[in-house]
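Residue numbers (the UniProt record's numbering): 1 to 523.
The beta carbon of each residue, even a glycine, is placed where N, CA and C say it ideally should be.
Keep in mind the model is a prediction, meaning the values are calculated, not measured.
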């Protein structure tokens with residue numbers, strides 16, 4: 001009893017939960033205003049296209065307006081290239097120590113550029129930019145409160161979770177997305193801070209937009225077990241289409257590179273001009289995809305219409321994102337998934353394999369499956385759709401479709417799309433930095449089947465630029481020595497210079513693989 005009384009209470013998590021709430025409240029206002037202006041802008045754009053269909057003389061000034069948007073974004077991108085695209089790869093790289101950003105520059109430039117690009121009707125999502133906006137707020141909060149190293153990264157991760165939560169009104173899925181896809185670490189300090197930020201941000205967002213989730217879909221009944229065999233084919237179908245989407249999105253920059261006369265920061269001219277005839281012909285398909293998903297039942301009257309809708313959104317979302325405009329792919333991916341689900345469901349109904357009232361169920365499951373196989377974040381996909389639908393009865397079919405779609409792309413050795421995007425942004429770093437501002441620490445999780453599993457500390461050749469200072473095992477932190485055995489589920493806490501965090505992580509991975517290959521050759 002005396003020992004327990006003498007133990008000092010650790011308030012670190014509690015303090016960061018409070019700080020996370022503060023970050024979440026600020027992010028909630030920033031992202032809610034971001035959403036609000038995009039919604040208002042897109043509404044005005046749709047009115048303008050309907051007006052121009054009857055008054056074509058106004059098309060010329062509209063073209064000039066699109067050129068003005070391209071000019072403004074070109075200036076913003078030239079001043080800070082980190083605002084280009086989704087923003088999720090940049091946040092992931094920042095948390096991994098691969099890159100750094102000026103939080104204020106990113107915050108206001110991404111906000112303005114994102115509103116102009118997404119509200120213009122391009123097929124871009126607001127969720128990715130919302131994550132980067134949240135991360136920028138978290139970074140600014142950390143710098144204003146003198147947090148460095150781990151504390152700074154925790155607040156950035158919390159801000160990122162808050163950004164997605166305010167965009168989707170899904171705080172639990174948002175927290176899990178940051179852990180599963182962005183930070184790649186289920187540290188208790190990270191997830192408690194991320195969750196508190198996401199809840200606070202969601203509270204602010206609900207005061208702006210109400211309690212209804214962004215993509216709330218009504219369904220008639222749960223998917224009967226006797227039709228589960230159809231979900232296997234749906235998952236496989238989604239997996240192959242996910243491979244197609246990743247290939248097109250990751251290679252569209254090669255097409256833009258062939259336009260030699262157009263500077264990179266002016267590539268936005270291409271989609272901004274191409275979207276005009278589409279807006280005149282088919283205005284209801286414009287935007288990130290909210291309206292398409294919520295009104296998907298209006299499109300599935302014809303299988304031909306669904307195929308045309310999928311092709312149009314696939315091509316234009318790829319062209320829109322490849323231009324480098326501040327906009328994401330999160331919502332466009334979910335929209336494509338919804339279209340695939342509607343198409344699959346209609347085909348099954350036409351073949352007499354299931355009743356028509358279950359088509360909406362296929363739409364719901366396909367959104368999760370398509371995101372799971374492209375983002376390689378199945379848990380986030382399952383939880384996100386569960387929060388949006390507001391029912392736990394879909395957990396089983398969501399899990400089946402997501403797992404199958406994920407497995408298909410995994411067999412084809414497809415990488416998570418945000419990770420691939422990050423690699424495209426980064427130059428190769430072959431050696432450690434020689435200068436250092438302060439000592440920082442990184443956390444390396446040891447997964448089951450890892451090369452480090454069941455090895456003694458002394459049996460691994462640690463880089464000289466780092467020090468293994470502790471091993472977190474559950475709620476305990478062990479001080480390692482040469483005979484300490486590394487177990488799966490452990491988190492290695494490694495001390496190194498702030499500049500070398502990313503290099504050390506890559507170096508440990510390389511050495512671990514070298515040890516594994518050497519062992520395999522010995523066999």
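Enclosing beta strand (DSSP E) for residue 320 [first to last residue]: Unbroken run through residue 320 is the alpha helix (DSSP H), 303–322; no beta strand (DSSP E).
Let me make sure I understand the geometry here. Which of 86, 119, 88, 81 has the alpha-carbon closest to that of residue 105? The shortest Cα separation from residue 105 among 86, 119, 88, 81 belongs to 81.
So the candidates are 443, 121, 466, 502; which of them puts its Cα closest to the Cα of residue 283? 121
Determine the DSSP secondary structure at residue 458, reduced to helix, strand or coil. helix
Validate contact between the stretch 108–116 and the stretch 353–365 using beta carbons, cut 8 Å, 3 pairs: no
Using a Cβ distance threshold of 8 Å, determine whether the stretch 63–72 contacts the stretch 261–269, with at least three qualifying pairs required. yes
For a quick check, are the C-beta atoms of residue 93 and residue 426 less than 8 Å apart? By the CB criterion at 8 Å, residue 93 and residue 426 fall inside the cutoff.
Candidates 409, 441, 170, 192, of which the one nearest residue 155 by Cα: If we check each option's Cα against that of residue 155, 192 comes out closest.
Does the Cβ of residue 444 have 16 or more other Cβ atoms within 10 Å, making it buried, or fewer, making it exposed? buried
What is the rounded straight-line gap between the Cα of residue 503 and the Cα of residue 138? 24 Å
Apart from the five residues on each side of it in sequence, which residues of its chain come closer than 6 Å, Cβ to Cβ, to residue 88? Within its own chain, the residues whose Cβ lies closer than 6 Å to the Cβ of residue 88, once the five positions on either side in sequence are excluded, are 128, 131, 418, listed in chain order.
Straight-line gap, residue 34 to residue 70 (C-alpha atoms, nearest Å): 19 Å
Measure from the alpha carbon of residue 247 to the alpha carbon of each residue in 200, 319, 212, then state which is nearest. For the set 200, 319, 212, the Cα lying nearest the Cα of residue 247 is the one of 319.
With respect to the beta strand (DSSP E) encompassing residue 470, which residues constitute its N-terminal and C-terminal limits? 466–473
Can you give the Cα-Cα distance for residue 49 and residue 496, rounded to whole angstroms? 56 Å
Please list, in chain order, all residues of the same chain as residue 346 whose beta carbon is under 7 Å from its beta carbon, the five residues on each side excluded. Within the same chain, 300, 303, 306, 359 come within 7 Å of residue 346 by CB-CB distance, once the 5 residues on both sides are set aside.
Rounded Cβ spacing between residue 204 and residue 166 (contact assumed at less than 8 Å): Correct: roughly 7 Å between the Cβ atoms.
How about residue 525 and residue 310: do their beta carbons lie closer than 8 Å? Absent from the model: residue 525. The displayed extent of the chain is 1 to 523, so no value can be given.
CB-CB under 8 Å to residue 110, same chain, minus the five flanking residues each way: which ones, in chain order? 83, 87, 129, 132, 133, 136, 326
Given that a residue counts as buried once 16 or more other Cβ atoms are within 10 Å of its Cβ, and exposed if not, what is residue 90? buried
Where residue 440 and residue 149 are concerned, what is the direct C-alpha to C-alpha distance, given to the nearest angstrom? Taking C-alpha positions only, residue 440 is separated from residue 149 by approximately 5 Å.
Over what stretch of residues does the beta strand (DSSP E) that includes residue 494 continue unbroken? 491–497
Mind checking who residue 328 pairs with in its DSSP beta bridge? BP columns for residue 328 point to 125.
Host alpha helix (DSSP H) of residue 524 (start-end): Since the first residue shown for the chain is 1 and the last is 523, residue 524 is missing from the structure and cannot be characterised.
Which residue marks the beginning of the beta strand (DSSP E) containing residue 483, and which one marks its end? That residue, residue 483, is in no beta strand (DSSP E); it is neither H nor E in DSSP.
Go through its chain and collect everything with a Cβ distance to residue 466's Cβ below 7 Å, but skip five positions before and after it. 494, 495, 496, 504
Taking buried to mean at least 16 other C-beta atoms within 10 Å of its own C-beta, is residue 54 buried or exposed? exposed
Candidates 125, 146, 96: closest to residue 422 by CA position: 96
By how many angstroms is the C-alpha of residue 60 removed from the C-alpha of residue 410? 48 Å
Look at the alpha carbon of residue 348 and the alpha carbon of residue 224, and state the distance between them as a whole number of angstroms. Taking the straight line joining both Cα atoms gives about 14 Å.
Compare the Cα-Cα distances from residue 103 to each of 72, 141, 232, 405 and report the closest residue. Checking every option, the nearest Cα to that of residue 103 belongs to 141.
Comparing C-alpha positions only, which one of 455, 501, 477 sits nearest to residue 486? 455
Close beta carbons around residue 173, own chain, < 7 Å, minus the five adjacent residues each side: 380, 383, 384, 387
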